[in-house]
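Residue numbers (the numbering used here): 324 to 493.
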């Protein structure tokens, strides 16, 4: 009898865990390139208007870039930024400290978008917000194209874009 009760409780708990997909654990993949975008908790000591955090894995360069989503003054559209090593490790001087760069032009703060049920709108960042099926980071690909990462990331005709598709949650 107890086994049946335990089995029933276990079966009810598993779907609840699988459905717990939020912006703190969603994982996205670039459809045409080996790039992964994973959301994480906002760092404890971040700007007060930072509402989301993510990292971008560039597989060909073995680099992980750190990204942030901010809402200026708390009422505008969510804007994204990203920073990481200025050059891929294979092109960096041996023994030199790693210099970090932002990869958007100065004064360029593009909005971040999500696709929800086939409709594209600003990324929802409030508590309990739905996890979008896609994340769109306008200007990401072009910003990295005009950097040292062009030599390592755009190999063999890879066509990298700005959209990432939900793969699951960690």
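Even for Gly, the Cβ is constructed at its ideal location relative to N, Cα and C.
When the Cα atoms are used, what is the spatial distance from residue 492 to residue 452?
Taking the first residue of the chain shown as position 1, residue 492 is located at position 169. Taking the first residue of the chain shown as position 1, residue 452 is located at position 129. Their backbone Cα atoms lie some 15 Å apart in a straight line.
Starting from the C-beta of residue 481, find all residues in its chain whose C-beta is less than 7 Å away, skip the five residues before and the five after it, and write them out in chain order.
Residue numbering aside, residue 481 sits at position 158 when the chain shown is read from its first letter. For residue 481, where only same-chain residues beyond five positions count, the Cβ hits under 7 Å are 355 and 356.
Kindly confirm or deny that the stretch 462-477 and the stretch 369-386 touch, where touching means at least three C-beta pairs closer than 8 Å.
The stretch 462-477 makes contact with the stretch 369-386; the number of CB pairs closer than 8 Å reaches 3 or more.
Among 484, 446 and 368, which residue has its Cα nearest to the Cα of residue 401?
Position 78 of the chain shown, counting from 1, holds the residue named residue 401. Of 484, 446 and 368, the residue nearest in Cα terms is 446.
Where in the stretch 344-371 do unbroken runs of the beta strand (DSSP E), each at least 3 residues long, occur, reported from the N-terminal end onward?
Runs found: 349-352 and 358-363.
What does the alpha-carbon distance come out to for the pair residue 373 and residue 364?
Here residue 373 refers to the residue found at position 50 when the chain shown is read from its first residue. Here residue 364 refers to the residue found at position 41 when the chain shown is read from its first residue. Taking C-alpha positions only, residue 373 is separated from residue 364 by approximately 11 Å.
Helix or strand or just coil, what does DSSP make of residue 394?
The residue you call residue 394 lines up with position 71 of the chain shown. Reduced to three states, the DSSP call for residue 394 is coil.
What ranges does the beta strand (DSSP E) occupy inside the stretch 372-435, keeping only unbroken runs of at least 3 residues that lie completely in it?
Note on the stretch 372-435: whole beta strand (DSSP E) runs with a minimum of 3 residues are 373-381, 386-393, 402-408 and 423-425, in chain order.
DSSP beta-bridge partners of residue 443:
Here residue 443 corresponds to residue number 120 of the chain shown, with the count starting at 1. Beta-bridge partners of residue 443 (DSSP): 438.
Could you have a look at residue 467 and say whether DSSP puts it in helix, strand or coil?
As a first step, residue 467 is located in the chain shown; it is residue number 144 there, counting from the start. In the three-state scheme derived from DSSP, where H, G and I count as helix and E and B as strand, residue 467 is classed as helix.
For the beta strand (DSSP E) that contains residue 476, what are its first and last residues?
Against the chain shown, residue 476 aligns to sequence position 153. Premise fails: residue 476 lies in the alpha helix (DSSP H), 473-476, not in any beta strand (DSSP E).
With DSSP collapsed to three states, give me the class of residue 488.
Position 165 of the chain shown, counting from 1, holds the residue named residue 488. Of the three classes helix, strand and coil, the one that applies to residue 488 here is strand, per DSSP.
Please name the residue or residues paired with residue 459 in a DSSP beta bridge.
Within the chain shown, numbered from 1, the residue matching residue 459 stands at position 136. DSSP lists 436 and 486 as the bridge partner or partners of residue 459.
May I have the straight-line CA-CA distance separating residue 353 from residue 360, to the nearest angstrom?
The residue labelled residue 353 in the question sits at position 30 within the chain shown. The residue labelled residue 360 in the question sits at position 37 within the chain shown. Straight-line Cα distance between these residues: approximately 8 Å.
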